[in-house]
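Protein chains in written order, with my numbering: chain P, 1 to 185; chain Y, 186 to 359. Beneath this line is the structure, given in structure tokens, with notes to follow.
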Amino acid sequence: MEQGQDGAELAPELHELFAGFLGISVMGFGGVLPWARRMIVEQRRWLTGPEFTDLLALCQFLPGPNIVNVSVALGSRFRGVPGALAALIGLLAAPMVIVTGLGGLYNQFGQDPVVRRAFEGLASAASGLVVAMACRIAWPIRARWGPVMVACTTFGAIAVLRLPLLPTLLVLAPCSILLLRRSAV
Amino acid sequence: MRNDLGWLALIYAQMSLLAVGGVASVLPEMQRQVVDARGWMSPAEFAALFALAQAAPGPNMMVSTLVGWRVAGAPGALVATLGMIGPSSVLTWATTHVWNRFRHAAWRQKVQAGLVPLTIGLVMASAALLTASTTHGWLPGVITAATAAATLGTRVHPLLLLGAGALLGVASGG
Numbered sequence: 001m002e003q004g005q006d007g008a009e010l011a012p013e014l015h016e017l018f019a020g021f022l023g024i025s026v027m028g029f030g031g032v033l034p035w036a037r038r039m040i041v042e043q044r045r046w047l048t049g050p051e052f053t054d055l056l057a058l059c060q061f062l063p064g065p066n067i068v069n070v071s072v073a074l075g076s077r078f079r080g081v082p083g084a085l086a087a088l089i090g091l092l093a094a095p096m097v098i099v100t101g102l103g104g105l106y107n108q109f110g111q112d113p114v115v116r117r118a119f120e121g122l123a124s125a126a127s128g129l130v131v132a133m134a135c136r137i138a139w140p141i142r143a144r145w146g147p148v149m150v151a152c153t154t155f156g157a158i159a160v161l162r163l164p165l166l167p168t169l170l171v172l173a174p175c176s177i178l179l180l181r182r183s184a185v
Numbered sequence: 186m187r188n189d190l191g192w193l194a195l196i197y198a199q200m201s202l203l204a205v206g207g208v209a210s211v212l213p214e215m216q217r218q219v220v221d222a223r224g225w226m227s228p229a230e231f232a233a234l235f236a237l238a239q240a241a242p243g244p245n246m247m248v249s250t251l252v253g254w255r256v257a258g259a260p261g262a263l264v265a266t267l268g269m270i271g272p273s274s275v276l277t278w279a280t281t282h283v284w285n286r287f288r289h290a291a292w293r294q295k296v297q298a299g300l301v302p303l304t305i306g307l308v309m310a311s312a313a314l315l316t317a318s319t320t321h322g323w324l325p326g327v328i329t330a331a332t333a334a335a336t337l338g339t340r341v342h343p344l345l346l347l348g349a350g351a352l353l354g355v356a357s358g359g
């Protein structure tokens, strides 16, 4: 609560929440999260660094797109439900228009052989970005057999056996939490 | 059409709550539902839409907007987007009010320690399945491997790598 009072004089208006998230939404290629910290902590000073880290931990812990969770949590913290909606709409409006516009172009020209080859190359590179992301997040657990076992089991269930995600998670999440409860720091 | 909108809402609302660690975790499930279960598009088309979403500015979840748009036009885009953000946003909103009470709780850290390797396995699965659907022949494989290596080993902007991939794709046929 003391944070709420600290922030009271800085508490952003609805239009500022909207504008802040609109601004980072169109800058973020391959993810908006890195820009969010810059905007929220350094430029607009809505939160201190540790406050942002705390908020981010919550938003990564909860399911759903992380940056969407950040906008909802921040907006509702300052301005309740209207604040959450203002931040959310600011975050999504422009990218939705841009991405469907690109989709329209793809639909119109996607049959053209040159465009098709460009898209195949683009798609291969996009796969490479996800491969890199997988390597990056897997690296820190490489030497710990418990997490490695859980990660490999999950990989096998989804990528090899092609099991549906819901039952897979309902079984594996409790097992993993039980198995790894001692490795929590 | 109305049927498709209903399915889009159902599929994405479910994925919203299953996306532990973010959208990359649910890409295999998205592909399974959209390509295998509903038959809305081919694996290659799904990969193209994902690539398009990556090349456009904005959150990674825009792939759901594009899939919805491809399936049912503008209403589909709206329904899929709302489905993807709705349930998780309500959960986030509800949780921010009680977060301070349990952010240091031991059980929360145990749950998190258990979920991290699950997320890693899911993102590894996303990487494998996406690569499988984009790799026809040696050149796409080389593009994927080179992009991954450049991302890990250098500070090149991802947009440049995507552009280089597209150029190589064009050059391959010329």
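Each residue gets a CB set at the ideal place from its N, CA and C atoms; glycine is no exception. Remember, it's a predicted structure, so these values are computed and weren't measured experimentally.
With a threshold of 16 other CB atoms inside 10 Å of the CB of residue i, please say whether the residue is buried or exposed.
i, result
"residue 120 of chain P", "buried"
"residue 69 of chain P", "buried"
"residue 342 of chain Y", "exposed"
"residue 284 of chain Y", "buried"
"residue 79 of chain P", "buried"
"residue 301 of chain Y", "buried"
"residue 185 of chain P", "Only weak support is given to the placement of residue 185 of chain P: the predicted model assigns it a pLDDT of 47, under 50, and the value that follows is read from those uncertain coordinates. That one is exposed."
Could you say which of the options lies nearest to residue i if we only look at CA atoms?
i, options, result
"residue 13 of chain P", "P/65, P/86, P/25", "P/86"
"residue 329 of chain Y", "Y/350, Y/341, Y/309, Y/295", "Y/350"
"residue 222 of chain Y", "P/163, P/15, P/180", "P/163"
"residue 94 of chain P", "Y/345, Y/320, Y/241", "Y/241"
"residue 81 of chain P", "Y/269, Y/334, Y/309, Y/282", "Y/282"
"residue 321 of chain Y", "P/124, P/113, P/131", "P/124"
"residue 145 of chain P", "P/16, P/180, P/75, P/34", "P/180"
DSSP three-state label for residue i, please.
i, result
"residue 244 of chain Y", "coil"
"residue 47 of chain P", "coil"
"residue 290 of chain Y", "coil"
"residue 337 of chain Y", "helix"
"residue 13 of chain P", "coil"
"residue 207 of chain Y", "coil"
"residue 223 of chain Y", "coil"
"residue 283 of chain Y", "coil"
"residue 238 of chain Y", "helix"
"residue 343 of chain Y", "helix"
"residue 148 of chain P", "helix"
"residue 82 of chain P", "helix"
"residue 143 of chain P", "coil"
Between residue i and residue j, what straight-line distance do the alpha-carbon atoms span, to the nearest angstrom?
i, j, result
"residue 314 of chain Y", "residue 11 of chain P", "44 Å"
"residue 277 of chain Y", "residue 96 of chain P", "22 Å"
"residue 91 of chain P", "residue 336 of chain Y", "26 Å"
"residue 134 of chain P", "residue 312 of chain Y", "7 Å"
"residue 157 of chain P", "residue 261 of chain Y", "30 Å"
"residue 257 of chain Y", "residue 188 of chain Y", "10 Å"
"residue 132 of chain P", "residue 155 of chain P", "16 Å"
"residue 347 of chain Y", "residue 136 of chain P", "19 Å"
"residue 239 of chain Y", "residue 345 of chain Y", "12 Å"
Excluding the five sequence neighbours on either side, which residues of its own chain have a C-beta within less than 8 Å of the C-beta of residue i, listed in chain order?
i, result
"residue 307 of chain Y", "205, 206, 209, 210, 211, 213"
"residue 18 of chain P", "86, 87, 89, 90"
"residue 138 of chain P", "151"
"residue 234 of chain Y", "226, 248, 251, 252, 255"
"residue 271 of chain Y", "198, 201"
"residue 172 of chain P", "150, 153, 154, 157"
Leaving out five residues on either side along the sequence, give the residues of the same chain with a beta carbon under 7 Å from the beta carbon of residue i.
i, result
"residue 226 of chain Y", "219, 220, 255"
"residue 63 of chain P", "none"
"residue 232 of chain Y", "315, 318, 319"
"residue 287 of chain Y", "293"
Output needed for residue i: all residues of its chain with C-beta closer than 6 Å, excluding positions within five of it in sequence on either side, in chain order.
i, result
"residue 324 of chain Y", "357"
"residue 353 of chain Y", "328"
"residue 217 of chain Y", "none"
"residue 355 of chain Y", "none"
"residue 245 of chain Y", "208"
"residue 194 of chain Y", "264, 268"
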